[in-house]
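Participant: Residue numbers (the numbering used here): 16 to 456. Ideal placement from N, C-alpha and C gives every residue a C-beta, glycine not left out. Quick caveat, the model's predicted, so the values are computed rather than measured. Structure provided below as structure tokens; questions to follow.
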Amino acid sequence: MSIKMDYSEELHEDIICVDVKSFYASVECAERGLNPLKTMLVVMSNGENAGGLVLSASSAAKKNLGISNVSRKYDLPNHPDLLIVPPRMSLYLEKNKEILSIFRKYATEEDILIYSIDEAFIKVTNVKKLFKADAYQIARMIQQDIFHHLNLYTTAGIGDNMLLAKLALDNEAKYTSDMKAEWRYNDVQSKIWTIHPITNFWGIGNRTALRLHRLGINTIKELALANPVQLKNQFGVIGEQLYAHSWGIDRSDITEKHLTLEKSYSNSQILTKDYIVRAEIELVIKEMADQVARRIRQHHCQTTCIHLTIGYSSNSNEVGFSRQMKISATNSTKLLAHYCLLLFNKYYSGAATRQISITYSKFIYTTDIQLDLFQEPDSQIGQLNLELLVDHVRDKYGFASLVHASSLTNGATAIKRSHLLGGHASGLMNKKGANSNDQSF
DNA sequence: TCTGGGGTCCTAGGACCC
DNA sequence: TCTGGGGTCCTAGGACCC
Numbered sequence: 016m017s018i019k020m021d022y023s024e025e026l027h028e029d030i031i032c033v034d035v036k037s038f039y040a041s042v043e044c045a046e047r048g049l050n051p052l053k054t055m056l057v058v059m060s061n062g063e064n065a066g067g068l069v070l071s072a073s074s075a076a077k078k079n080l081g082i083s084n085v086s087r088k089y090d091l092p093n094h095p096d097l098l099i100v101p102p103r104m105s106l107y108l109e110k111n112k113e114i115l116s117i118f119r120k121y122a123t124e125e126d127i128l129i130y131s132i133d134e135a136f137i138k139v140t141n142v143k144k145l146f147k148a149d150a151y152q153i154a155r156m157i158q159q160d161i162f163h164h165l166n167l168y169t170t171a172g173i174g175d176n177m178l179l180a181k182l183a184l185d186n187e188a189k190y191t192s193d194m195k196a197e198w199r200y201n202d203v204q205s206k207i208w209t210i211h212p213i214t215n216f217w218g219i220g221n222r223t224a225l226r227l228h229r230l231g232i233n234t235i236k237e238l239a240l241a242n243p244v245q246l247k248n249q250f251g252v253i254g255e256q257l258y259a260h261s262w263g264i265d266r267s268d269i270t271e272k273h274l275t276l277e278k279s280y281s282n283s284q285i286l287t288k289d290y291i292v293r294a295e296i297e298l299v300i301k302e303m304a305d306q307v308a309r310r311i312r313q314h315h316c317q318t319t320c321i322h323l324t325i326g327y328s329s330n331s332n333e334v335g336f337s338r339q340m341k342i343s344a345t346n347s348t349k350l351l352a353h354y355c356l357l358l359f360n361k362y363y364s365g366a367a368t369r370q371i372s373i374t375y376s377k378f379i380y381t382t383d384i385q386l387d388l389f390q391e392p393d394s395q396i397g398q399l400n401l402e403l404l405v406d407h408v409r410d411k412y413g414f415a416s417l418v419h420a421s422s423l424t425n426g427a428t429a430i431k432r433s434h435l436l437g438g439h440a441s442g443l444m445n446k447k448g449a450n451s452n453d454q455s456f
């Protein structure tokens, strides 16, 4: 028996959520002329170490060998047919662009929302007439189009809103033979309420599952039938959202989502060893401050907020710290490195360091220079021009063509990392390094 | 775990203002 | 000063996603 819910005020769109099956692994199969569904292949970052991480495993590797996306090299079975290949992030970015250009044949720019490197939402409500097709048929056209052009299989979820499309994708389309699933408000009680375990539901991780469990809520159905006031008291906004989601309700507008993203750019790394020497840690911070500064210059923005996170070694008694600081708008490497070091020196306890992360946020988009009142204007402009020149040379000849002498010393990681994109090998090992591309997806 | 990397969003609590 | 109160901005920390 089902319970009545009035959906007349909710969105009734045709949203398709598309995701490329095992994206990185499938691209590698396609490049080798191998069947992406039958080949056992994994893309592995840092494959030279025993701790190498599986970024993507083909479905055959997952099914036959039980490999998952965060498996380690030391976990992998020894199988003669298993192909282990290094990542080529720049290639995946290229394929991502080609897929996007296919999406644009089926919807206008503002009706497409890129969710990640291999996932996007497409609103097709307004083009059904044009294609003389319903959403399900349009999803099939998109899937076939991508397969013909790129030899990649995609899965598609279809729904009245973005949440339903995404849930249909994650919880059904991935397991059906035609790689599609359509979830409408009518299906909420039979489809959403039976998602199991509860952490398979979008937005519920282990921590939230545990807190729900303490309230006696162990299934989506129990969540939907819970007292929304109690949920709000316990979880705040998240509680209201969880409740709405359990009924398949999501009022977010795909076209407005474009405007509301609050952006930040960051780099982070887990170091290959514990760093004890203060100067060596400072050096890595300077290098990373430089990398992220370069990215924001490429996007023509200036940051007004920097954030430094230091994680200490597990051999240490302390966990580390995470601090941010407002600054006057800048994208100057020199200034940003200075501020990052300021934070570091203020809070560093002297413990062995294993992880470093630098984030810039709260951007202003302008080409004007915010002149510092306490510095000579000429020297500030000169500094910025110098940094733009350095960017230009690196675009042309690769990051490693022009580095501070300090990056050649022990402990420095910038040169090694200059071929990384999104933290993994770009596949471009020639002089024109990965850094001519952007790392954000 | 033999420490991956890049993001977004929410909350509590402190500082400051009127 | 044996407790004012509301609003806004900021920071640290938590949680989640791909």
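Tell me whether Asn35 sits in a helix, a strand or coil according to DSSP, three-state version.
Facilitator: Working through the first sequence from its first residue, we reach residue 35 at position 20. Reading the sequence as shown, one finds Val at residue 35 and not Asn. Correct three-state label for Val35: strand.
Participant: Which residues does DSSP list as the beta-bridge partners of Asn282?
Facilitator: Numbered from 1 along the first sequence, position 267 holds the residue referred to as residue 282. Ile373.
Participant: Pick helix, strand or coil for Ser455, following the three-state DSSP scheme.
Facilitator: As a first step, residue 455 is located in the first sequence; it is residue number 440 there, counting from the start. For Ser455, the predicted structure reports a pLDDT of 41, less than 50, and the residue's modelled location is therefore unreliable. A value from the coordinates is still provided. Ser455 falls in the coil class under three-state DSSP.
Participant: Taking its Cβ as the centre, do 16 or more other Cβ atoms sit within 10 Å of Tyr327, making it buried, or is it exposed?
Facilitator: Position 312 of the first sequence, counting from 1, holds the residue named residue 327. The residue in question, Tyr327, is buried, as its Cβ has 16 or more Cβ neighbours within 10 Å.
Participant: Based on Cα-Cα distance, which residue from Ala420, Ser60, Tyr130, His27 lies nearest to His273?
Facilitator: Working through the first sequence from its first residue, we reach residue 273 at position 258. The candidate whose alpha carbon is nearest that of His273 is Tyr130.
Participant: Is it true that the CB of Pro212 sits closer than 8 Å to the CB of His439?
Facilitator: For the purposes of this step, residue 439 is taken as the residue at position 424 of the first sequence. For the purposes of this step, residue 212 is taken as the residue at position 197 of the first sequence. No, the Cβ-Cβ distance between His439 and Pro212 is not below 8 Å.
Participant: Among Leu184, Ala344, Val334, which has the Cα closest to the Cα of Ile371?
Facilitator: Along the first sequence, read from residue 1 onward, the residue named residue 371 stands at position 356. The candidate whose alpha carbon is nearest that of Ile371 is Val334.
Participant: In this structure, does DSSP put Lys349 in helix, strand or coil?
Facilitator: Numbered from its first residue, the first sequence carries residue 349 at position 334. Helix, per DSSP.
Participant: Is the beta carbon of Asp96 closer than 8 Å to that of Met55?
Facilitator: The residue you call residue 55 lines up with position 40 of the first sequence. The residue you call residue 96 lines up with position 81 of the first sequence. Yes, these two residues count as a Cβ contact at 8 Å.
Participant: In angstroms, rounded to a whole number, what distance separates the CA positions of Leu246 and Ile235?
Facilitator: Position 231 of the first sequence holds residue 246. Position 220 of the first sequence holds residue 235. Roughly 13 Å between the two C-alpha positions.
Participant: Just tell me which of Arg409, Asp202, Met194 has its CA closest to the CA of Ser261.
Facilitator: Looking up residue 261 in the first sequence gives position 246. The residue with the shortest Cα to Cα distance from Ser261 is Asp202.
Participant: For the pair the stretch 247-267 and the stretch 209-225, tell me if three or more CB-CB distances fall below 8 Å.
Facilitator: Yes, the stretch 247-267 is in contact with the stretch 209-225.
Participant: Within the continuous alpha helix (DSSP H) that includes Gly254, where are the two ends?
Facilitator: On the first sequence, residue 254 is found 239 positions in, with the first residue counted as 1. 252-261 is the extent of the alpha helix (DSSP H) around Gly254.
Participant: Would you grab the beta carbon distance between Val35 and Ser41 for me? Rounded to a whole angstrom, and I think it's under 8 Å.
Facilitator: Here residue 35 refers to the residue found at position 20 when the first sequence is read from its first residue. Here residue 41 refers to the residue found at position 26 when the first sequence is read from its first residue. About 6 Å; that satisfies the 8 Å criterion.
Participant: Excluding the 5 residues preceding and the 5 following Gly62 in the sequence, name in chain order all residues of the same chain whose CB lies nearer than 7 Å to its CB.
Facilitator: To locate residue 62, count along the first sequence from 1; it is residue 47. So the qualifying residues of the chain are Lys88, Ile99, Pro101.
Participant: Use the C-beta contact count for Phe378: other C-beta atoms within 10 angstroms, 16 or more gives buried, fewer gives exposed.
Facilitator: Here residue 378 is taken as the residue at index 363 of the first sequence, counted from 1. Buried is the call here.
Participant: In the DSSP output, which residue or residues are listed as bridge partners for Ser364?
Facilitator: Position 349 of the first sequence, counted from the first residue, corresponds to residue 364. Answer is none; Ser364 lacks a bridge partner.
Participant: For Ile18, which of Leu403, Ala294, Tyr354, Tyr200 has the nearest alpha-carbon?
Facilitator: By one-based count along the first sequence, residue 18 stands at place 3. Here the closest residue by C-alpha is Tyr200.
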